[in-house]
């Protein structure tokens, strides 16, 4: 990874956003998901890697990404979750 001069800025213009934040000197990193400026949560990198692998497999099997009320259906049916009051596209 090339070294960058100066302070890195992480902006999220269209939440949610995923950020990989790292410290060059300490050789550490963390992955965060940002829902808005007040709600930022850490994701375990290994969980994100697994999710990316699964996503790659379903895309290769020609599944399409759910939209609109389809996401509520999937969240309710398979995760037992309630639809969020605020939607992110």
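Residue numbers (my numbering): 855 to 943.
Glycine residues also receive a C-beta, built at the ideal position from the N, C-alpha and C atoms.
Enclosing alpha helix (DSSP H) for residue i [first to last residue]
| i | result |
| --- | --- |
| residue 927 | 923 to 933 |
CB contact flag (residue i, residue j, <8 Å)
| i | j | result |
| --- | --- | --- |
| residue 897 | residue 886 | yes |
Element boundaries [beta strand (DSSP E), containing residue i]
| i | result |
| --- | --- |
| residue 906 | Run containing residue 906: none in the beta strand (DSSP E); it sits in the alpha helix (DSSP H), 899 to 914. |
| residue 871 | 871 to 877 |
| residue 868 | Note, residue 868: premise wrong, no beta strand (DSSP E); not H, not E. |
| residue 884 | 882 to 890 |
Whole-number beta carbon distance between residue j and residue i, since they are thought to touch under 8 Å
| i | j | result |
| --- | --- | --- |
| residue 870 | residue 889 | 5 Å |
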